[in-house]
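Heads up, the thing below is written out as structure tokens.
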Amino acid sequence: MSLRKIVSFVFLLFIPLSVVANMQQWGAMAVFITSALSIIPLSIWLSTAVERVAVVTGPTLGGLVNAVFGNTTTIIIALSALKQGLVDIVQASITGSILSDLLLFMGIGMLTGGIRYKEQEFRPILARVNGSSMTLAVIAIALPTLVIYTSNVVKASAILNLSLVVATILLIVYGLTLLFSLKTHSYLYEVGLVNENPINQEASNEEKSRVWIWLLVLLASTVAVAYESDLFVNVVELVMAGSNLTPLFVGVILIPLISDVSGVVTVTQLSLKNQMDLTVSVALGDSLLVALFVAPLLVFIGQFIHQPMDLNFNPFEVVALIVATIVTNLISFTGRSNWLDGTLLLATYLILVVAFYYHPA
């Protein structure tokens, strides 16, 4: 049994428990914990379904499916929070998703792979292209915050308008990165895919015949994640009021950890197979998806549902994003990795976790 299946089955019990906890009114903390843990197996099923559909639809369309639906769980949780007006948690979850992709995912991948192999190699151009795009995204996200802190008086409407313009540019850039990776320079991203899961023609036809099953799994998982996310968000303020948890810590640390366990499992499996090109692509590609697509998308959705959200992040979040981007670029630009590189990334992530826990915001 694969690691992904083991993790999903272990947490399966919490799905009915969360429903019972909510119906029987076991308390906010019980609903908070059970709904959070329920999202873990659901996110794994959802990501598995997306991957299966992507494989069947071919490299170009499949890549687009992965690019658009790869962070569905994160988007659903963010939408649930945005509907409740919890903009600070939504913004923090964007920061947290990027940090976990750059530091936690890359760190786990390099550490686990480095323990099995003395040194692993990946194509530096993958890290360079993704790193450059990530640097642009962080600069764009930081600008509204910098405008506020370098000006005496800035109207909220001006920051919102600036955020809408920046969001538009980020979406355009994301579209161009998809064009680059899926069409004009797709050959740069094909290395490592050949040997990961070779399948014969008969197996391929069987996968195509079962695509409707995976579409049903995708639909059911999405609905279930939406339900559990609503349970989670409905009690999060009560839990924060009765504990030391802050919106910043919940958004930056807790939500990314429960929404993308499948990503941790994926990079672990790939690095143990010495598939570092894929490991780096998954981690950096995920961070780009959040920064260039999810964040601007939520800005526009907030406008549409009358819950305005701008890109004015907490200054400490901006600092953390800059630190994560610099550290990741420095470690990955050589195209080689070992267990120490992974340890340094994980150490940076743990330091930030502690800092966000004690941050008074």
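Oh and the sequence shown: position 309 is 394 in my numbering, straight run, nothing missing. Cβ atoms here follow ideal geometry from the backbone N, Cα and C, with glycine treated the same way.
Could you tell me which residues DSSP puts in a beta bridge with GLN205? By one-based count along the sequence shown, residue 205 stands at place 120. Residue pairing from DSSP places GLN205 in a beta bridge opposite SER422.
Under a three-way DSSP split, which group does TRP111 fall into? In the sequence shown, the residue the question calls residue 111 occupies position 26. Judged by DSSP in its simplified three-state form, TRP111 adopts coil rather than helix or strand.
Less than 8 Å between the CB atoms is what I'm expecting for VAL320 and ALA113, so what's the real figure, rounded? Counting from 1 along the sequence shown, the entry for residue 320 is found at position 235. Counting from 1 along the sequence shown, the entry for residue 113 is found at position 28. The beta-carbon distance between VAL320 and ALA113, rounded to whole angstroms, is 4 Å. This is short enough to meet the 8 Å contact definition.
Can you say whether MET108 is buried or exposed, counting buried as having 16 or more other CB atoms within 10 angstroms of its CB? Residue 108 sits at position 23 when you count from the first residue of the sequence shown. That one is exposed.
So the alpha helix (DSSP H) LYS268 belongs to, where does it begin and stop? As a position in the sequence shown, residue 268 is number 183, starting the count at 1. Per DSSP, LYS268 belongs to no alpha helix (DSSP H) and is neither H nor E.
Nearest neighbour of ALA212, chosen from PHE441, TYR434, SER417 and ALA432 [CA to CA]: Counted from its first residue, the sequence shown places residue 212 at position 127. Closest by alpha carbon: SER417.
Per-residue DSSP class, three states only, for ASN397: One-based indexing of the sequence shown puts residue 397 at position 312. In the three-state scheme derived from DSSP, where H, G and I count as helix and E and B as strand, ASN397 is classed as coil.
Tell me whether VAL365 sits in a helix, a strand or coil according to DSSP, three-state version. One-based indexing of the sequence shown puts residue 365 at position 280. It is helical.
Leaving aside the five residues before and after GLN392 along the sequence, list all residues of the same chain whose C-beta is less than 6 Å from its C-beta, in chain order. The residue given as residue 392 occupies position 307 in the sequence shown. Excluding residues within five positions, the ones whose Cβ falls inside 6 Å are LEU167 and GLY170.
In whole angstroms, what separates the C-alpha of VAL350 from that of ARG89? What you label residue 350 is simply residue 265 of the sequence shown in a count that begins at 1. What you label residue 89 is simply residue 4 of the sequence shown in a count that begins at 1. VAL350 and ARG89 have their C-alpha atoms some 6 Å from each other.
Roughly how many whole angstroms lie between the Cα atoms of TRP424 and TRP111? Position 339 of the sequence shown, counting from 1, holds the residue named residue 424. Position 26 of the sequence shown, counting from 1, holds the residue named residue 111. Within the model, the alpha-carbon separation for TRP424 versus TRP111 is close to 44 Å.
Taking 7 Å as the threshold (C-beta atoms), are ALA121 and PHE317 in contact? Your numbering for residue 317 matches position 232 in the sequence shown. Your numbering for residue 121 matches position 36 in the sequence shown. In contact: PHE317 and ALA121 (Cβ atoms closer than 7 Å).
Give a yes or no on contact between the region 183 to 192 and the region 402 to 411, applying the rule of three or more CB pairs nearer than 8 Å. With a cut-off of 8 Å on Cβ pairs, the region 183 to 192 is in contact with the region 402 to 411, counting three or more such pairs.
Tell me which residue opens and which closes the alpha helix (DSSP H) that THR158 is part of. Here residue 158 corresponds to residue number 73 of the sequence shown, with the count starting at 1. Per DSSP, THR158 belongs to the alpha helix (DSSP H) from 157 to 168.
If I measure Cβ to Cβ from THR433 and keep anything under 6 Å in the same chain, skipping five residues before and after, which residues do I get? As a first step, residue 433 is located in the sequence shown; it is residue number 348 there, counting from the start. So the list reads LEU188 and VAL412, once near-sequence residues are dropped.
Would you identify the three-state DSSP class for SER236, choosing helix, strand or coil? Numbered from 1 along the sequence shown, position 151 holds the residue referred to as residue 236. Looking at SER236 - three-state DSSP - the assignment turns out to be coil, as it is neither helix nor strand.
Please work out which residues of its chain come closer than 6 Å, Cβ to Cβ, to ASP426, disregarding the five sequence neighbours upstream and downstream, and give them in chain order. As a first step, residue 426 must be located in the sequence shown, where it is residue number 341. Taken in chain order, the residues that qualify are MET195 and ILE416.
Are the beta-carbon atoms of PRO381 and LEU256 separated by less than 7 Å? In the sequence shown, counting from the first residue as 1, residue 381 sits at position 296. In the sequence shown, counting from the first residue as 1, residue 256 sits at position 171. Yes, Cβ-Cβ distance for PRO381 and LEU256 is below 7 Å.
Only counting the same chain, and skipping five residues up and downstream in sequence, which positions put a Cβ closer than 8 Å to that of THR353? If you number the sequence shown from 1, residue 353 lands on position 268. Taken in chain order, the residues that qualify are LEU88, ILE193, GLY194 and THR197.
Quick one: residues in its chain with C-beta nearer than 7 Å to the C-beta of ILE210, no 5 flanking neighbours on either side, listed in chain order? Taking the sequence shown and counting its residues from 1, the one referred to as residue 210 is at position 125. Contacts found: LEU273.
Under DSSP, the alpha helix (DSSP H) around SER344 begins and ends at which residues? The sequence position of residue 344 within the sequence shown is 259, counting from 1. Segment 340 to 344, the alpha helix (DSSP H) holding SER344.
Report yes or no: do the region 130 to 139 and the region 354 to 363 share at least 3 C-beta pairs separated by less than 8 Å? Not touching, per the Cβ criterion.
C-alpha gap between LEU363 and SER236, whole angstroms: Counted from its first residue, the sequence shown places residue 363 at position 278. Counted from its first residue, the sequence shown places residue 236 at position 151. The C-alpha of LEU363 lies about 43 Å from the C-alpha of SER236.
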